[in-house]
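*Asks:* Structure below; questions to follow.
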Amino acid sequence: MSVEFNVLGPLQVRVDGRELALGGFTRRAALGFLLLNAGRVVSISELTEALWPDGHPPTARGILLNVVSALRKAELDLVTRKPGYLLRTEPDRVDLHRFRAATARAAAAPGPEQKAAILRDSLALWRGPVLADLVADGVTWPSLVEIEHLRDITVEDRFDAELASGKHREVIAELEALVRDHPLRERLQGQLMLALYRSGRQADALAAFRAAREKFAAELGIDPGRDLVALEQAILTQDLSLALTAAHNPLVLERKKVSVLVTRLELPGADEAADELLATTVAAISEKIEDLGGVVVTTLGSTVCAAFGAPAGREDDAARAVRAAFEITTEHPAAAAVCTGPALVTSGDKLEVGGTLLDAGLRQVAQAAVGEVRTCPATDRTLTPAGDDTPFVGRSSELAQVCAAFEQVQRARRPRLITLVGEPGTGKSRLTREFAAGRRTLTGRTPPFGRDDTFAPLAEIVRSHAGILDSDAPDVVTGKIKAISDDPWLVTQLCALVGVTPQGSDALMAWRRLVEQIAAEPLVVIVEDLHWADDLLLDHLHGLPDTADDVPLLILATARPELLERRPAWGEVITLKALSEEDTTLLLKMLTTRHEVTADLPELLQRCAGSPLFAGEYVRMLRDSDRETLPDTVQTVIGARLDSLPTLEKVILQDAAVLGPAVWPGAVAAVAEREVEEVARCLEVLRQRDFLKRSATSNVVGEAEYTFSHVLVRDVAYDRVPRTTKAMKHYHAAEWLKALPLEHVPLLAHHFQQAVWLAEAAGRPCDILGQKAREALTEAGNKATGLAARSTAVRCYQAALAVCPPGHDDRAKLLTLLGSALAWDSKGTEELAEAVELHLARNDFAGAAEASAGAWRACFHRGDHQEAKRQLDRTLEFLTKAEPGERVFGVLAHAAHSLTLAARADEAITTARAALVGATGSDRAVALETLGLAKVKKGDATGIDDIRQAIAERRQAGLSYSLGLINLGTAYATLGDARARKAARAESRVAGLRHGDRFALSFLDSSRYVELFWEGCYDEALQNLDEAIKNAPSQPYLYSIRARIKLLTGDHDGARTDAAIALEHARTKAHPGELQHPLVLRARIALLDGERPDVDELLTLLAGAQITGPIGAGLPIVLAAAGHGPECLAALSWSRWKDAAVAHLRGDREEAFRIYREIGSIPDADEAR
C-alpha cells in the first residue's frame, strides 16, 4: 500500500493514488498536527493543546482515543509511544519533508541554473497555504507561520538564482505581481529593481524604488532599509557590480554537419616585412570569415582553417563558406577549398573541429591553384536546392476513403485492413488522428527494433486496453488482465504477450480473440510504422480480414514505402503523395498566422516542395530564431533549430534521442547523469518549443511521457551524439530500463547491444557490457521462443552470439539456443555440433544432451533418419552421464518423444517414466503424451488415459492442447477407432481456432485425406493429397495413400507410379515405420501383374510393430496371396487392425468385414467383403 501525505495546501492523504476521506475537523486537525511532527513522538498533552487551545472539554481523552482509533482503521501507521503517539511513515511520503529536503539540496547546487530549477520544483509542491482547510477553521499553530516564512525565503532564493543565471527578463512579470501582493518585502523589491535594470530599464528600476519608499512611509512611517537604498545608488551610478557576471560556457562535444573552409596564402618574400604582411592578411581573412558567420578554428603559417555551422548551424552554411572562399581568393593571392560533412565539434569557451573533414579540406586546398576554389560533392549538393515529395495535410480525399471504408465495415460487420503508405513526414499520423477523433480506437506502434519483439504493437494494444503500466509488478499486470477476461487460457496468453510469463505460443489468437470481443461495437485498431514489423506479424494482420466474421473492425496501418518493397501484393493501400500548391500555400498561411510569423510565402512555397514537414519546420524556425535566411533541407532545418536551443536543453534533447521514440524524465536523467528535476524542467521547455510532445498517458507510473514531435527530430539529435559517448549512454538507458518491474526486453536488448557494438567500434574494452547484452538478448530470445516467434528468437540469439567473444563460456549455451530454434526449419546442425563439442569440453553433459536433442530435431524434420538416430543415441548417452536436475528431466521428456517417433517404443516408455520423476509444466505434458503414444504402439490401450491426462494438465495450465488432441486421435487410429480419431481431431480444431494454434490448424487441414479415405470420399481425398504433396514432395506416406486410392478407383498406372515413388522415398529415409505401406503396395502391384508377391521384408518389419491404419485390408490380402496364415502376425502389437487381418487370414471374411466396419473404414470393409 502506498500512502502520501500532503500538508502544503489543504490536508490531503492519498492511498494508492486515491484520496482518503478524513472525516470531521478533530480527526483532520489531529492528523495535521501529527504530520507537522512526523517522525517524532507527540505527547498527549501537546496534541490536546493543539486541538483545544482555549481549554479542552471533559471528554477530550475519549475523543482523542476515538480519533486515534479512526486513523488506525484508515490503515495509517499510528502507534502508541510514551508519552503519546508516533505517526510512522517514510519521510519522502510527506510533501513538507520533500520541500525541506529540496531547499537543502538547492543550497548545495553547483550553479545558479541548477539551484533555480530545484527551487522551482520544490515550490511546485505547494497547493495553497499550509493546512489551508484547518486554518480556515481557526487553527493558529505557531509552526504554520514558520513554514510559511520558509516558503517566502525559498521564493526569494529562487529569484536570486534566476537573476544569477541571466533570467532577469523572464522573471519581471512574476516579481511585479509578488511586489503588488507583498509591497513591504524589501528583498522582493530589490530583486524587481535589479531585474528591470539588467533588462535595460534603468528608469523603471528607479521608479520601482520610489514606489517602494512611498509604501514604506505610508504604512510603516519609515524609509527603506540600507540595502535597498544602496541598490538605488548603484543603479543611479550604473555600478559595474550590478552587471551579470559572465559564466564559462559549458563544454559540449557533438558530431554535426559543418562546412570547413581552408585557405592557403601564397605571399612573396621571406623577410620580416613578409611576416608582417602575412599577419595582416591572415587577420583580414579571419575578419572576412567572421563577417560571413564562420569561426576561425586554427591558423598555421599561411593556412587558415575555419568552420561554418559551428557552434550553431544555419541552412546556408555551405553557401556562406563558398562565398567567403571566392571573396578571399578574389582579394588575396590564395587558394581555397570547402568541404561539407559531419565533424566532431567541441564548443565552449573555445571552438574545436576534429575528424577527417578537416583533412579532406587540407588535401583539396593543396591541389588547388592560386585563385581557385575547390568544393566537395557534398558541398555541391547542399548548394543545389533539393525537392521533397512528402505530403502532410490537405487530405480530404484520403480521409473520405477511410471513412467510407469504416462505414462499409459497420454495415457488413466484417474486418478490413487499410494501409496508409508514404515517405516520412507525409502526414500519415496526422490523417490517422483526424480519422480517429470521436471513434473507438486502440493503437500500437512497431518500434524500429521490433524485429526482436515480433508482437510489440499487439502487446501495446493489450497494455493500453487493460491499463497496464511498464512499472506495474507482474502480479499487478496479471490482475489487470484478469479484469478484462475471465478465460484462464486467454489470461495466460495475454500475460505472455505483455511479457509477464514465458509461455504463450498462442499469443496471436489470444490477441485476436480479445480484439474481436472489444469489437462487438465498431472499433478501429491503428498499427503505426508497419514497415518495421516482423513477417509473422504482417502475415497475421494481412490474413485477419479473411478469417473473421461478424466483427465490425477496421485495421488502419501506417507504413513507409519499404513495406511494399517487401510485400508487393500487400492489401488495400492508400498512397499519400505531395501536397498541391494550393494546399501547401494554405498550410503555410495557417502556420504563419498561428505562430505570428511574417514570411515570404512564395519563397517558402518553393522550398517546401509540397512537404508539410518542411512547411512546419520552416515556420517554426522563423518563429524561434528570427533569421532572415531559411534552411534548404529538412535536416538542416532541424539541425538549425537544435542549435537555437540553450546549451543545456540541446544536450538533454540529444540524450533523450538515445532512448528512442518515447522518453521519460527519469530515463533521460539516467542517460544524461543529471538530476531528474533539472531534466524534467528541460523536457517541458522542449515541449513548449515543439521538439517534444507530452503523451496523455504514461507507461511508467509517476513519470511524464514525452515523444519526439517528428522522427527526424530524433534522428538528427541522435546523430549528433559522438559514437564513444553513445555507447555509455545506451548502457545507462539499459540499466534504467532493467530497474523497471516490467521490463521491455527487446528495448533493453537494443540498448545493451548498441552499447557493446559502439564500444567495440571505438576500440573500448567492453567485457561487462558484453555480458549484460548477452543476458538481455538471451532473455529476448527466450521470450520469442515462448511466443512461438522462432524467427525473432533466431535473430536474438544471433545478436547475442555477435557480442560473444570466441572462447567465452556463454558461447556453448547460445549456440544451443540458436541451433534449437533453427532446427524447426531443418537447420542449425553446424551450430549444434559446435555446441556439443564446447559442452563436452567443460564436462557439461546436460548441455551436450540439449544440443544433440536439437540436432535430432533438425535431422528428423529434413528426413535424415540415419543421422537423426545417431543424434538421438548421443542424447541418451549424454543423459546417462549428466547430473539429475530440472534441465535433464526436460531433455528426457523430449528424448522420449523422439524415441516414439523413431519406432523405439520400449525405450520411449522407460525414458518417459524417468522424465516424469522430475519434469514440470509443458515438459511433464510431453512426457505423459509420449508415454501414452508409446504404450499404444505396444498395443496397450491404457496409453489413451496418459494422453488424456496430459491434455487435462495443459488445459488447466492455460496452455494450448490442440496438438495433444491430435496425438489422441493418432492413438485412437493406431488402436483401430477411426470415429474416435475424427472426434478428437474435431475437438482439436475447435481448440486450435480458439487458441490460434497455427501449426495444429495447418496440420489438420493438410491431413484430412485419411478420414476422407476411410469415409470413401476418394475425390476429395485425392484433392487434399495433391495439395499436401505440393507442400511436402518427399513424404512417402502421402504417395502410399494416393497409390492405394488409385488402385481402388482403377487408376493402375497412377498407382504404379505413386507406389514406386513412395518406396524410393521410404528407403531414402530408412525409417521402419515409413516402409510398411510401400512394401504392401509393391506386393499388390505384383498381384496386379499376375506375379507372386514378395513379403519377406514386410514380415520382418512387422515384428513388434503396429499396422499403420491406411494399409488396412491390403496387408492380409498380400499375405494370403503369398501363402501365409494368421500365425505370421503373432508378433504384431495388438490393435483392431490386427484382429481384422487375423480374421481375414483364417478365412473368416465376414468377421473381418464386421471389424473394419466397427473401426470405421469403408474401403477396408469393402475389400474384406
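Quick note on the UniProt record's numbering: the sequence shown kicks off at 1 and runs consecutively.
Virtual Cβ for every residue (Gly too), placed ideally from N, Cα, C.
Treat the numbers as computed from the prediction; the structure is a model and nothing was measured.
(1) Three or more beta-carbon pairs under 8 Å between the region 366-380 and the region 395-403, yes or no?
(2) Are at least three pairs of beta-carbons, each pair with one atom in the region 929-946 and one in the region 957-976, less than 8 Å apart?
(3) With a Cβ-Cβ cutoff of 8 Å, do Ala483 and Leu497 count as a contact?
(4) Whole angstroms is fine: what's the gap from Arg989's alpha carbon to Tyr1009's?
(5) Helix, strand or coil for Ser143, going by three-state DSSP, please let me know.
(6) From Ile638 to Ala657, what does the alpha carbon distance come to, in whole angstroms?
(7) To the nearest angstrom, report how far apart Ala717 and Thr697 are at their CA atoms.
(8) What alpha helix (DSSP H) runs, 4 residues minimum, are completely inside the region 720-784?
(9) Does DSSP classify Gly479 as helix, strand or coil?
(10) Counting Cβ pairs closer than 8 Å, one from the region 548-559 and one from the region 515-530, do we hit at least three?
(11) Buried or exposed for Glu460, going by 16 or more other Cβ atoms inside 10 Å?
(12) Out of Met509, Ser43, Lys215 and His1124, point me to the one whose CA is closest to Leu1099's CA.
(13) Please state if the CB of Glu603 and the CB of Val551 are separated by a distance shorter than 8 Å.
(14) Label Asn1024 either buried or exposed according to how many other C-beta atoms from any shown protein chain fall within 10 Å of its C-beta, with 16 as the threshold for buried.
(15) Sort Gly863, Asp1089, Pro806 and Thr1108 by Cα distance to Thr1068 and report the nearest one.
(16) Report the residue from Ala117, Phe209 and Gln866 whose alpha carbon sits nearest the alpha carbon of Val229.
(17) I believe Leu417 touches His542 by the beta-carbon criterion, under 8 Å. Please report the beta-carbon distance rounded to the nearest angstrom.
(18) Would you mind giving the Cβ-Cβ distance between Ser1135 and Leu975, rounded to the nearest angstrom? I have them listed as a contact below 8 Å.
(19) Less than 8 Å between the CB atoms is what I'm expecting for Leu683 and Val668, so what's the real figure, rounded?
(20) Are Phe33 and Leu47 touching if we call contact CB-CB under 8 Å?
(21) Straight-line CA distance for Asn66 to Phe5?
(22) Do the region 828-837 and the region 779-786 make contact, defined as three or more Cβ pairs closer than 8 Å?
(23) Nearest to Ala980 by CA position, among Glu1158, Gly828, Val282 and Arg363, is which residue?
(24) Could you give the first and the last residue of the continuous alpha helix (DSSP H) run that contains Gln410?
(25) Is Met590 near the ligand GTP, in the sense that its beta carbon is under 7 Å from a heavy atom of that ligand?
(26) Do Val304 and Val322 have their CB atoms nearer than 8 Å?
(27) Looking at the structure shown, is Ala846 part of a helix, part of a strand, or coil, going by DSSP?
(28) Are there 16 or more other CB atoms within 10 angstroms of the CB of Ile768, so buried, or fewer, so exposed?
(29) Rounded to a whole number of angstroms, what is the C-alpha to C-alpha distance between Leu178 and Leu184?
(30) Whole angstroms is fine: what's the gap from Ala29's alpha carbon to Val139's?
(31) Considering only residues of the same chain and omitting the five flanking positions on each side of Asp92, which have a CB-CB separation below 7 Å?
(32) Put Ile1155 into one of helix, strand or coil per three-state DSSP.
(33) What's the gap between the Cα of Gln191 and the Cα of Glu176?
(34) Quick one: using the 10 Å Cβ neighbour count with 16 as the cut-off for buried, is Glu19 buried or exposed?
(35) Are there three or more Cβ pairs, one per stretch, closer than 8 Å when the region 707-725 is compared with the region 150-158?
(36) Tell me the DSSP secondary structure of Ser644 in three-state form.
*Replies:* In terms of the structure at hand:
(1) no
(2) Segments in contact, yes.
(3) no
(4) 16 Å
(5) Reduced to three states, the DSSP call for Ser143 is helix.
(6) Each residue's CA atom was taken as its position, placing Ile638 and Ala657 some 13 Å apart.
(7) Taking the straight line joining both Cα atoms gives about 24 Å.
(8) 723-738 and 745-761
(9) helix
(10) Here the region 548-559 lies against the region 515-530, with 3 or more beta-carbon pairs under 8 Å apart.
(11) Answer is buried; the Cβ neighbour count reaches 16.
(12) Cα-wise, what sits closest to Leu1099 is His1124.
(13) Result no, Cβ atoms of Val551 and Glu603 do not sit closer than 8 Å.
(14) buried
(15) The shortest CA-to-CA distance from Thr1068 to any of Gly863, Asp1089, Pro806 and Thr1108 is the one to Gly863.
(16) Phe209
(17) 7 Å
(18) 5 Å
(19) 7 Å
(20) yes
(21) Whole-angstrom Cα-Cα distance: 21 Å.
(22) no
(23) Per the C-alpha coordinates, the member of Glu1158, Gly828, Val282 and Arg363 positioned closest to Ala980 is Glu1158.
(24) For Gln410, the enclosing alpha helix (DSSP H) covers residues Ser396 to Ala412.
(25) Of the ligands one can find in the structure shown there are none, so the ligand GTP has no counterpart to examine.
(26) no
(27) Look at Ala846 here: in three-state DSSP terms it is helix.
(28) Classified as exposed, Ile768 has fewer than 16 neighbouring CB atoms from the shown chains inside 10 Å of its CB.
(29) 11 Å
(30) Looking at the two C-alpha atoms, the distance is approximately 8 Å.
(31) So the qualifying residues of the chain are Arg98.
(32) Helix at Ile1155.
(33) 10 Å
(34) exposed
(35) no
(36) coil
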